[in-house]
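S.K.: Okay, handing you the structure first.
There are 2 protein chains.
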Amino acid sequence: MKIAMLSPLSWRTPPRHYGPWENVVSLLTEQLVTMGVDVTLFATGDSLTRGKLAWVCEHPWSEDASIDPKAWECLHIAEVFRRADEFDLIHNQFDFLPLSYSGFTHTPLVTTIHGFSSPLILPVYKKYNEQTHYVAISEADRCPELDYIATIHHGIDLTQFPWREDAGDYLLFFGRIHPHKGVVDAIEVARRSGLRLVIAGIVQDEAYFQEQVKPHIDGSRVEYIGSVEPKKRQEVLGGALALLHLIHFDEPFGLSVVEAMACGTPVIAYGRGSMPEIIRDGHTGFIVADVNAAVQAVDRIASLERRTCRDEVEQRFTCQRMARDYLAVYQRILDRRENYRPWGYYEDLLERDDHKIKEIIVKPGERLSLQKHQHRAEHWTIVSGEALVTVGDEKILLKPGRSVDVPRGAVHRIENPGDIPLVLVEVQMGDYFGEDDIIRLEDDYDRS
Amino acid sequence: MKIAMLSPLSWRTPPRHYGPWENVVSLLTEQLVTMGVDVTLFATGDSLTRGKLAWVCEHPWSEDASIDPKAWECLHIAEVFRRADEFDLIHNQFDFLPLSYSGFTHTPLVTTIHGFSSPLILPVYKKYNEQTHYVAISEADRCPELDYIATIHHGIDLTQFPWREDAGDYLLFFGRIHPHKGVVDAIEVARRSGLRLVIAGIVQDEAYFQEQVKPHIDGSRVEYIGSVEPKKRQEVLGGALALLHLIHFDEPFGLSVVEAMACGTPVIAYGRGSMPEIIRDGHTGFIVADVNAAVQAVDRIASLERRTCRDEVEQRFTCQRMARDYLAVYQRILDRRENYRPWGYYEDLLERDDHKIKEIIVKPGERLSLQKHQHRAEHWTIVSGEALVTVGDEKILLKPGRSVDVPRGAVHRIENPGDIPLVLVEVQMGDYFGEDDIIRLEDDYDRS
């Protein structure tokens, strides 16, 4: 199976510090490669992978002001679609823009929707709802107006987050500094609990940081340590008494929640978005409604087993489980391909009012049904392999370069008696070319 | 000739008040329709045209906050490329994003570059430089790193801008309120000339307007009349003593400069960008270097003939001239199409290592050269029309549904003796399929 994996250009894949989409793309890509899948990663040129790397834009635009996102994103996306024929499937983890290129290839597209930045982008997802396959990253993030092939929770690499038996003495905020993430709530809960708070993450809303967060930072009771690089993440997450995830938006998924749990650190979260799917209330953390309840949860945190948190992640949130789920989705999509048949497959090359052209590939030892058509005559030219052809009462063996006419209404069959694929060009002539104009008289695959 | 004309979604086509790109698209479209060209205008759903209107986005995003530009622009562009096969040519007046879809169709694309918003978008234009055709809107706006098929100055509809013999008593600023456009310079020139200044245009830079323009507006010496709808434009432009176009950027083209001149109003401009191409210094206005020189130019304005300004526009800047220039470009592109031949044309459907499939259309009464191939055998299936086929010493007439083998090395020819197009499917089999493997023995069109 050959997969093209399309990552965003905002950060390197995997990201140097922040970049959750790129992080998930990398975890999935590397795990698929480990499982033997042929993955070509379309990402920034400085990205790292054990698969094949394909790139047009060398550096992430979040780290290089000379890169215009709109200009390079369209070049990046056009490149994967230019090469679409090389792949069995394109896995889009880039948001909606690639959908608008999907009509120009027969290669199926599966799109992981990492969240909706605004309801105003929904028209694009709705427009391509029929022609593509959407994966939700949580049940909570499913949009009722779209159809999904699956919900697949993210998984992490457990080796990066070793379990730690003993809790530390601080509460932890881990995420973007933005009102959505509830930094102010975390500060309040820590203050009222009499515990130290460590804040980690990039500043995404500078005004919020300056006005509502920074005044509380004193380096002792409240400490801000900036964005944490991947290697140091386990220390910060594993050393906490609890992670405070008091979000003010419906978070589609929370990678840091799972990462904390992997280290044994339970999570106290508001029950919005995906939180009730990720946290088992009273086992791996507490789902709470407000600051008061969060303070009470901190008091009860010792009642939770740190081992339970780890076990939960080992069972439900590994990158191995994520990769298996995606592989199953890929396989379902490939099995459903319209032009695949038990005997082989075909490709439509051209359809006009009075004729249609197909290339047909018959697997060795297979044959199509004994059939006839009411609305078309056919003309077959063998281009490679050998064909055993039945037309009416005649049965003939055709080598490459030979051709045969199948008149309208004539009973006919084509069979590949050889041990290499049989390739033929079919020219249909008539007034209707639908697949439903096949009257099957006999079929190896019991189709009607 | 069937043209798809791709307009931006920022404003209606034609715009209700402001929208220079949409304005040019509309002028060209309507003029081409007048000249009998079959134009489908891809624009907002509320657009107006005498051609065919195609749309996916009903309203312009500049006039409706519920429309996410990025979401609707990709749907809009994908739609024209989805329908590409219906057109002989796509004319892109949308900026760079459509270029990234151009690889997915054989329909040629011509792109009018209305200007470069930033040097950072150049990589997209460079990437598609070979596969597309660029039109510059002035010599000054040509980028040395790109190839252009032509420079075509914009043209206007003269009936919308009647000539006015007598000058009014005010100086005019007409354009976006933005530092680029030099509103402050115009205010200073008017003050020192002791003349009234009328300012017309949308506010694009609010801070600039509030801090540097608004304090001067007193309703008598300096008057701001907002954005002017098309019908009132002739009054404002035609009634001015002169247009002050004291720009601080290399303006690719200046529609208002031409519109003013059409009404007989001369223009005083800094000599940046396209200004020296549009204004004939000392005849239709003055090209000046600074405010001092602009004040002196105002003093000399009566030395210019208002009729000369009109004559210049009638000769060089009508939408009729613009449409003729674009038609010539379209024709040059269509004449150059790779798969067009004197006898008809062909379409490549598929190419593999050992075979290639083409659809060939031979015009009535035409025939291909008498030829042979060293590296391929061919098999022809007639799907409509009649074919007179020569293979070796044999000459046979084939009707639809019939086929013929042309062995490798055999001398052959195909001719359409009928009065409808001959359509045939050609399956080439061999090890090389280049157009240079044609040994011509005789040719109606004297090709070697």
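Protein chains in written order, with our numbering: chain F, 503 to 950; chain V, 503 to 950. Ideal placement from N, C-alpha and C gives every residue a C-beta, glycine not left out.
Can the beta-carbon of Y630(V) be found less than 8 Å from the beta-carbon of I615(V)?
M.R.: No, they are not a contact pair.
S.K.: Could you list the residues in the stretch 614-626 of chain V with a C-beta less than 7 Å from some C-beta on chain F, going in chain order?
M.R.: S620, L622, I623, P625 and V626
S.K.: Is any beta-carbon of chain V found at less than 8 Å from that of R838(F)?
M.R.: no
S.K.: Tell me whether W882(F) sits in a helix, a strand or coil according to DSSP, three-state version.
M.R.: It is a strand residue.
S.K.: State the CB to CB distance for the pair L743(F) and D813(F), rounded to an integer number of angstroms; the pair is presumed to be in contact (CB under 8 Å).
M.R.: With 8 Å as the limit, L743(F) and D813(F) do not qualify as a contact, their Cβ atoms being about 19 Å apart.
S.K.: Determine the direct distance from the alpha carbon of I579(V) to that of L622(V), and round the result to whole angstroms.
M.R.: 21 Å
S.K.: Taking C-beta pairs closer than 8 Å, name the residues in chain F that T609(V) reaches, listed in chain order.
M.R.: Per Cβ cutoff of 8 Å: no residues; T609(V) is ~12 Å from chain F at best.
S.K.: Taking a cut of 9 Å between CB atoms, which residues from the stretch 891-902 of chain V lie near chain F?
M.R.: P902
S.K.: Taking just the CA atoms, how far does T883(V) sit from K860(V)?
M.R.: 11 Å
S.K.: Does the Cβ of H608(F) have 16 or more other Cβ atoms within 10 Å, making it buried, or fewer, making it exposed?
M.R.: With fewer than 16 Cβ atoms within 10 Å of its Cβ, H608(F) is classed as exposed.
S.K.: Among the residues of its own chain, which have a CB less than 8 Å from the CB of V582(V), if the five just before and after it don't count?
M.R.: A506, L508, F544, A556, I592 and P600
S.K.: Answer with yes or no whether the minimum CB distance from S950(V) to chain F is below 8 Å.
M.R.: no
S.K.: Would you decide whether Y934(V) is buried or exposed? Buried here means 16 or more other CB atoms lie within 10 Å of its CB.
M.R.: exposed
S.K.: With a 10 Å radius around its C-beta and 16 neighbouring C-beta atoms as the bar for buried, classify I749(F) as buried or exposed.
M.R.: buried
S.K.: Who are the Cβ neighbours of G911(F) in its own chain at under 8 Å, not counting the five residues just before and after it?
M.R.: K874, H875 and Q876
S.K.: At a Cβ cut of 7 Å, what residues of the stretch 852-869 of chain V count as close to chain F, listed as they run along the chain?
M.R.: Answer in chain order: L852, D856, H857, I859 and E861.
S.K.: Any beta-carbon of chain V closer than 8 Å to the one on G584(F)?
M.R.: Just to set this straight, residue 584(F) is Arg in the shown sequence, not Gly. Yes, R584(F) lies at the interface with chain V (some Cβ there is under 8 Å from its Cβ).
S.K.: L599(V) CB to nearest chain F CB: under 8 Å?
M.R.: So, interface residue.
S.K.: Within the continuous alpha helix (DSSP H) that includes A638(V), where are the two ends?
M.R.: No alpha helix (DSSP H) holds A638(V); the beta strand (DSSP E) holding it covers H635 to A638.
S.K.: Can you tell me where the alpha helix (DSSP H) with R782(F) in it begins and where it stops?
M.R.: Taken as a continuous stretch (DSSP letters only), R782(F) belongs to no alpha helix (DSSP H), as it is neither H nor E.
S.K.: Hey, would you say T931(F) sits closer than 8 Å to A889(F), going by beta carbons?
M.R.: The residue asked about is misnamed: residue 931(F) is Met in this sequence, not Thr. Not a contact, by the Cβ cut-off of 8 Å.
S.K.: For T786(V), which of V759(V), D801(V), R666(V) and S729(V) has the nearest alpha-carbon?
M.R.: V759(V)
S.K.: Is it buried or exposed for I679(V), if we count other Cβ within 10 angstroms and need 16 for buried?
M.R.: buried
S.K.: Where does K865(F) fall in DSSP's three states?
M.R.: coil
S.K.: Quick one: list the residues of chain V neighbouring H682(F), beta-carbon separation under 8 Å, in chain order.
M.R.: From the beta-carbon of H682(F), no residue of chain V is found nearer than 8 Å; the closest lies around 19 Å away.
S.K.: Roughly how far, in whole angstroms, is the beta-carbon of I770(V) from the beta-carbon of V800(V), given that I think they are within contact range, below 8 Å?
M.R.: 7 Å
S.K.: Less than 8 Å between the CB atoms is what I'm expecting for L851(V) and I916(V), so what's the real figure, rounded?
M.R.: Actually they are not in contact, since the Cβ atoms of L851(V) and I916(V) sit about 18 Å apart, beyond 8 Å.
S.K.: Classify A692(F) as helix, strand or coil using the three-state DSSP reduction.
M.R.: DSSP places A692(F) in the helix class (H, G or I) of the three-state scheme.
S.K.: Is there at least one Cβ from chain F nearer than 8 Å to D643(V)'s Cβ?
M.R.: no
S.K.: Return the chain-ordered list of same chain residues with a C-beta closer than 7 Å to the C-beta of D659(F), the five sequence neighbours on each side being excluded.
M.R.: L529 and C821.
S.K.: When the distance is taken between beta carbons, is P866(F) closer than 8 Å to G920(F)?
M.R.: Yes, Cβ-Cβ distance for G920(F) and P866(F) is below 8 Å.
S.K.: What does the Cβ neighbour count give for P517(V), buried or exposed, with the cut at 16 atoms within 10 Å?
M.R.: buried
S.K.: Taking the straight line between their C-alpha atoms, what separation do you get for V526(V) and G657(V)?
M.R.: Near 8 Å, if we compare the C-alpha coordinates of G657(V) and V526(V).
S.K.: Could you tell me which chain F residues have their CB closer than 8 Å to the CB of S886(V), listed as they occur along the chain?
M.R.: D856 and H857
S.K.: Which same chain residues, not among the five before or five after K554(V), have their C-beta less than 6 Å away from its C-beta?
M.R.: T542
S.K.: Identify the residues that DSSP records as bridge partners of T892(F): which are they?
M.R.: K897(F) and R915(F)
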